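Contents: one structure, followed by commentary.
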């Protein structure tokens, strides 16, 4: 049968993956350890002069300057003897597009020392990248077997109820004898975790209700970016999650680079427990506040600009020009680096719909040249799921969510759980999503496993809060005085939760669910010292709250223990009865 042919093809290219991950992962630029020193390389074709600055201390404002030399194509190089692991450096550039009053970090930083300020002041740290993997390699499971859990690394162990000794950190996540982190994933039975961004990001926003550099923050009293969608360094791990991380204003994170080995140890430990690691990555923009190196090297090359030379921005960042070959090189080298040096199994691309199809295909071809089994999916909004599926990308299936739940914003347009369908939808739409929203079932996907089915992710109201609001059991302005009582689902909502979970795990496609969804959690804005007028209300956008609004309170599980057990049983059924038979060449037609 055609399905058997395609299954054999999949297993063949999985089998072709080497057991030992290659180590030829040198990038074209950055710092490179040699026997007697360090070589530094930077691409800055329009700069007239570049100095390498070596710092003595992590909080120095200046350091020893060394003149770099430029070749014919714009590469600046310098070899310094008697430098090695622990060297801290940056660059001072002169030219029409540079600001020689700033010393910027290396855009190819493998480890960054960053200050807790809204400018995300940074220095690059030279590190020893070696790590004892003990034969670890990519998981490379059949995509139809994936059960993905979306998690925020810090949230999973930060609450005191987790009992982690290093709460909210890479180390804390893999600690034994606790309620959260890896220990919980093992109990649940999932085989993949999708982490919200772990690349170094600007987690401090501009001061609240103060004018700075022509900007005025009147929207974020927390002055935080908790979710991580404001990236700075594409090759360095977030140091706030290291065991010495600090959120105190003005302090420095990453002083000894320990985040690198701590994140590698986390990946290794997850792999030892047969759990794939998927990174949620942002490649279309960088933080619009930070002193990002690319902004001060050559904004004309790296960014999308308006006719006046100003950054084009969306959401929380300045847009990169992803059709520029130098930007493509930077992104692809960073993704390969995470695969090779961190053994990452796959990537979820934030706002993938902003990518041209050509750039997306270039990315996937390059990544699959290393590991044909790499997991690739993203947010293909603007009705782009079909074209991404043609190049073998999966995408978030919002159609699945909305047919089951109802309209994301209009609670009057209810979905199947309410015995209804949205306008212009009927039983045929329900059948289509259960069949993987594939072309053969009237959907858009070339293959059913390109459909990443979900009921809830980190964005918007969580699933059970949506049900509470859409059913009329709660209103948006309700003040929740007793959170535990609020979390306890009514018989009606409990039944709706179970029906939705049953459809999620028995439908073709890849199921993904968000931390806390399995016990009907609620995101209630926690009371803090921050002047938030919406305290005690359900939160539809908790991106800025590094507090108990988002931290997982593991004592809540018992409020709906039956639902948790139901999820565990569905996951076990999913694993015992694989969906291999859904793969077939007929989906290409």
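Residue numbers (this note's numbering): 1 to 589.
Even glycine gets a Cβ: it sits at the ideal position worked out from N, Cα and C.
Bear in mind the structure is a predicted one, so any value in this text is a computation, not a measurement.
First through last residue of the beta strand (DSSP E) which encompasses residue 38
37 to 43
Using the C-alpha atoms, what's the distance from residue 470 back to residue 514?
19 Å
Reference residue 508, options 438, 529 and 248, closest by Cα
438
Counterpart residues of residue 231 in DSSP-defined beta bridges:
201
Given a threshold of 16 other Cβ atoms within 10 Å of its Cβ, counted over all protein chains shown, does residue 24 qualify as buried or as exposed?
With a pLDDT of 49 at residue 24, under the threshold of 50, the modelled position of this residue cannot be trusted; read the value that follows with caution. Flag for residue 24 reads exposed.
Coarse secondary structure for residue 87, derived from DSSP in three states
coil
Sort 163, 112 and 289 by Cα distance to residue 225 and report the nearest one.
289
Under a Cβ-count criterion, where at least 16 other Cβ atoms within 10 Å of its own Cβ denotes burial, should residue 615 be classed as buried or exposed?
Outside the shown range of the chain, which is 1 to 589, sits residue 615, and nothing can be said about it.
Going straight from the alpha carbon of residue 51 to that of residue 538, what length do you get?
51 Å
According to DSSP, is residue 514 helix, strand or coil?
strand
Between residue 447 and residue 246, what straight-line distance do the alpha-carbon atoms span, to the nearest angstrom?
45 Å
Quick check: residue 70 and residue 41, are their CB atoms within less than 8 Å of each other?
no
Kindly indicate which three-state DSSP category residue 519 falls into: helix, strand or coil?
helix
In its own chain, which residues sit with a C-beta less than 8 Å from the C-beta of residue 160, not counting the 5 before and 5 after it?
167
Are the segment 323 to 343 and the segment 131 to 141 touching, with three or more C-beta to C-beta distances below 8 Å?
yes
Identified DSSP bridge partners for residue 567
Answer is none; residue 567 lacks a bridge partner.
Thinking C-beta only, is residue 207 closer than 8 Å to residue 287?
no
Any 3 or more C-beta pairs closer than 8 Å across the segment 548 to 568 and the segment 238 to 254
no
Neighbourhood of residue 39 by C-beta, 6 Å cutoff - its chain only, sequence neighbours within 5 removed
32 and 79
Name the one or two DSSP bridge partners that residue 375 has.
346
My guess is that residue 252 and residue 114 are in contact by the Cβ rule of under 8 Å, so how many angstroms apart are they, rounded?
7 Å
Hey, is the segment 86 to 100 in contact with the segment 260 to 273, meaning 3+ C-beta pairs nearer than 8 Å?
no
Work out the CA separation of residue 280 and residue 347 for me, nearest whole Å.
6 Å
Quick check on the DSSP output: the alpha helix (DSSP H) that includes residue 507 runs from which residue to which?
Note, residue 507: premise wrong, no alpha helix (DSSP H); not H, not E.
Would you decide whether residue 400 is buried or exposed? Buried here means 16 or more other CB atoms lie within 10 Å of its CB.
buried
Name the two residues that bound the continuous alpha helix (DSSP H) containing residue 424.
Taken as a continuous stretch (DSSP letters only), residue 424 belongs to no alpha helix (DSSP H), as it is neither H nor E.
Quick one: grab the DSSP three-state call for residue 395.
strand
Looking at the strands, I want to know which residues DSSP matches up with residue 326.
In DSSP, residue 326 forms no bridge with anything.
Go through the segment 215 to 278 residue by residue and report every complete run of the beta strand (DSSP E) that reaches 3 residues or more, in order.
231 to 237
Environment of residue 409 [buried if 16+ CB atoms lie within 10 Å]
exposed
Keeping to the same chain, check which residues put their C-beta closer than 7 Å to that of residue 56; ignore five residues upstream and five downstream.
63
Output needed for residue 257: all residues of its chain with C-beta closer than 6 Å, excluding positions within five of it in sequence on either side, in chain order.
111, 125 and 127
Out of 67, 464, 543 and 354, which has the shortest C-alpha to C-alpha gap to residue 154?
543
Which ranges would you report for the alpha helix (DSSP H) in the segment 399 to 462 if only whole runs of at least 4 residues count?
427 to 434
I need the boundaries of the beta strand (DSSP E) containing residue 54, first residue and last residue.
49 to 55
Roughly how many angstroms lie between the CA atoms of residue 535 and residue 475, to the nearest whole one?
14 Å
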